[in-house]
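Asks: To start, I am sharing the structure in question, which I have written as C-alpha cells.
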Amino acid sequence: MTLKKKDIRALTKEELRDFFVENGDKAFRGNQVYEWLWSKSAHSFEAMTNISLQTREMLEASFVINHIKVDDMQRSSDGTVKNAVKLHDGLVVESVLIPTDTRTTACVSSQVGCSLDCKFCATARLKRMRNLNPDEIYDQVAAINQESLLYYNHKLSNIVFMGMGEPLMNYKNVLASIEKITSPEGLGMSPKRITVSTSGVPKMIRKLADDGVKFNLAVSLHSAIDEVRTRIMPFNVNFPLKDLKESLEYWYEKTQRAVTYEYVVWEGINDNREAIRALVKFCKYIPSKVNIIEYNPIDDGEFQQASKKAISDYVSVLEMNDIVVNVRRSRGKDIDAACGQLANKSGN
Ligand code: SAH
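Counted the way our numbering counts, the sequence shown spans residues 1067 to 1414.
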C-alpha cells in the first residue's frame, strides 16, 4: 500500500515549522519553505535552491505541491484576459484579468460551479462540484499578478471575488486565501483592495462582521422586492430581504463600513418605478452605493438588458436621493469573460 502524500500547502506556517523541528531540523527551515511555496510560487521542491538536497528529498517523500495550471488563456479585444484554470483533480474554473489604464483587477472563482440558482447566471447551470482550497484561490490571483506584470507592466491592484461560486458558501477557505494574499509572505496586498461579492447569505454576513474582516463587501441585490428577487434568485425564499437587511445593519454596526449593491436592470422585470422606489428604500438602511451592471446575455431569451431610458431613470432617482451610483460597462464579453458568463466554455 502506498501512503497518500499530503498537500504541503494545506499546512500553516506554524505546522510547517513544527514539521521541521519534529524531523530534527530548525523551525526556521519552515519559514524558508513557506516563502518558496507562497511568495515565490514554487511548483516543485527541486526549485527550492537554498534548501539542501537531503531536505528536499525528505519533503518529496512526504508531500506533494498541488498547483493550478493555466490551461487556456484567451484575450479579449478590450484587453481582458480569461484563464481556464485546471485544478489538481482535473476540474476547471475560470478567472479574469480586467485592465484599465492605471490598474489591473483580478476576478477570481471560489467554487467549482455554484450551489445557488440565479436564473440569469451561466455558472448557476453548472452543478457545484466542490469548494476551492485556499491555495487554489491564491494561485488564481498569483497567476493574474504575473500576467499583469507581463502584459501591462504593473502589479495587480484589486481583487474581486466575482468569478464562479458563492464565496460565503466557502467561507473558511475564502478567508484563508485572503489572509495569504494580504500577508507579507504572500502577495502583501491591502485588504482595502479586495471585494467579496455575495448573493446575500445573512448568517455569513454576520459572521464576517464578527470576524472583523477588513475587506469590502458587495451584495448582488438585483431587486429589493421579495417576490421579484425570489423569481430571479430562488434561494431568496430562504434568505428573504428582511434577513438580508438585518444582517447588513449588523455588518455596519460592527464595521462602520458601507456596502456596494450590484444591480442589473432587466426589461419587464425591474425596469419600473416601484422597483426603483424599493431600491432607494433599501439603500437607506445603511450607508451604501449602487453599481448598475450591464446584463451579459447567457444565450436564452428570458432576460433582456433594459433600455437606456430605464437605466437613466434609476440613476436620476438614486442621485436625487443622494445615493452614489455607478453604471458599469461590461468587459471581456467577446470571450465570455464578463460577469455571469463564466461556465467553462473556453477551449471546448
Ligand atoms: N455569487 C457571488 C459572486 C459571483 S457573481 C454573487 O452572487 O455576488 C458576480 C456578479 O455577477 C454578481 O453580482 C452577479 O449577480 C452578477 N451576474 C451574474 N450573472 C450575470 C449576467 N448574466 N450579467 C451580468 N451580471 C451577472
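Where a beta carbon is used, it is the ideal one built from N, C-alpha and C, also for glycine.
How about K1152 and V1162: are their beta carbons less than 8 Å apart?
Replies: Result no, Cβ atoms of K1152 and V1162 do not sit closer than 8 Å.
Asks: Kindly list the residues whose CB is nearer than 6 Å to the CB of R1196, restricted to its own chain and excluding five residues on each side of it in sequence; keep chain order.
Replies: Excluding residues within five positions, the ones whose Cβ falls inside 6 Å are V1178.
Asks: Beta-carbon separation of S1265 and C1349 under 8 Å?
Replies: No, the Cβ-Cβ distance between S1265 and C1349 is not below 8 Å.
Asks: Cβ of G1406 within 7 Å of any heavy atom in the ligand SAH?
Replies: Yes, the Cβ of G1406 comes within 7 Å of a heavy atom of the ligand SAH.
Asks: Among R1394, Y1218, R1339 and V1393, which has the Cα closest to the Cα of V1383?
Replies: If we check each option's Cα against that of V1383, R1339 comes out closest.
Asks: Assess contact between the segment 1074–1090 and the segment 1116–1136, defined as three or more Cβ pairs (one per stretch) separated by less than 8 Å. Is contact present?
Replies: Yes, since at least three Cβ pairs between the segment 1074–1090 and the segment 1116–1136 fall closer than 8 Å, the two stretches touch.
Asks: Between the beta-carbon of R1259 and the beta-carbon of I1291, is there less than 8 Å?
Replies: Not closer than 8 Å, so no.
Asks: So what does DSSP say about Q1301, is it helix, strand or coil?
Replies: Note that residue 1301 is Phe in the sequence shown, not Gln. It is helical.
Asks: Using three-state DSSP, classify D1455 as helix, strand or coil.
Replies: The structure shown does not extend to residue 1455, since the chain spans only 1067 to 1414, so no value can be given for it.
Asks: Using CA coordinates, which residue listed in N1357, L1103, I1364 and G1367 is at the minimum distance from P1200?
Replies: Per the Cα distances, L1103.
Asks: Beta-carbon within less than 6 Å of V1270's beta-carbon, same chain only, minus the 5 sequence neighbours each way: which residues are those?
Replies: The amino acid occupying residue 1270 in the given sequence is Met; Val does not appear at that position. Counting only Cβ-Cβ distances below 6 Å, and skipping sequence neighbours, we find L1234 and Y1237.
Asks: Where do the N-terminal and C-terminal ends of the alpha helix (DSSP H) with S1378 fall, by residue?
Replies: Counting along the chain, the alpha helix (DSSP H) containing S1378 begins and ends at K1374 to M1386.
Asks: Determine the DSSP secondary structure at N1282, reduced to helix, strand or coil.
Replies: Three-state result, N1282: strand.
Asks: Evaluate contact between the segment 1164–1183 and the segment 1210–1228, counting only Cβ atoms and requiring at least three cross-stretch pairs below 8 Å.
Replies: With a cut-off of 8 Å, the segment 1210–1228 and the segment 1164–1183 count as touching, because enough Cβ pairs lie within range.
Asks: Alpha carbon to alpha carbon, how far is I1389 from S1378? Give it in angstroms, no decimals.
Replies: Distance between the alpha carbons of S1378 and I1389 is about 14 Å.
Asks: Checking 8 Å against the spacing of the C-beta atoms, do S1289 and R1295 come in under that value?
Replies: Taking 8 Å as the Cβ cut-off, S1289 and R1295 qualify as a contacting pair.
Asks: According to DSSP, simplified to helix, strand and coil, what is K1185?
Replies: K1185 falls in the coil class under three-state DSSP.
Asks: Can you name, in chain order, every residue of its own chain whose Cβ lies under 7 Å from the Cβ of A1093, other than the five neighbours on each side?
Replies: Closer than 7 Å at the Cβ level, and outside the excluded window around A1093, lie R1083, F1086 and V1087.
Asks: Say yes only if the C-beta of C1349 is nearer than 7 Å to one or more non-hydrogen atoms of the ligand SAH, and no if none qualify.
Replies: Not under cutoff, so the answer is no.
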